[in-house]
Amino acid sequence: MDVPAHRHRTVQDHVALAEIDLTGELMIAAAAASEDRLSADRIDEVLHVDGAERETAQAP
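For the sequence shown, position 31 matches number 31 in the UniProt record's numbering, and the numbering has no gaps at all.
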């Protein structure tokens, strides 16, 4: 059976790794929070976005 030694990275790999990193940051923030849920403002802070970016992303 031939198994390639190295797989070429794709754009999807980079996106997946970025998503994993951001999810980890949110998990760390949630674990450190004293409240039951992270506020939208705290999530924006952890993800390094501002409210305007969030509203633009949610616009239909």
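Just so you know, even glycine gets a beta-carbon here, dropped at the ideal spot from N, CA and C.
Quick caveat, the model's predicted, so the values are computed rather than measured.
How is the alpha helix (DSSP H) around residue i delimited, first residue to last?
{"i": "residue 37", "result": "Element bounds for residue 37: n/a, residue is neither H nor E."}
For residue i, which three-state DSSP category applies?
{"i": "residue 14", "result": "helix"}
{"i": "residue 46", "result": "helix"}
Using 8 angstroms for Cβ pairs, my map puts residue i next to residue j. What's the rounded Cβ distance?
{"i": "residue 44", "j": "residue 50", "result": "6 angstroms"}
{"i": "residue 29", "j": "residue 46", "result": "5 angstroms"}
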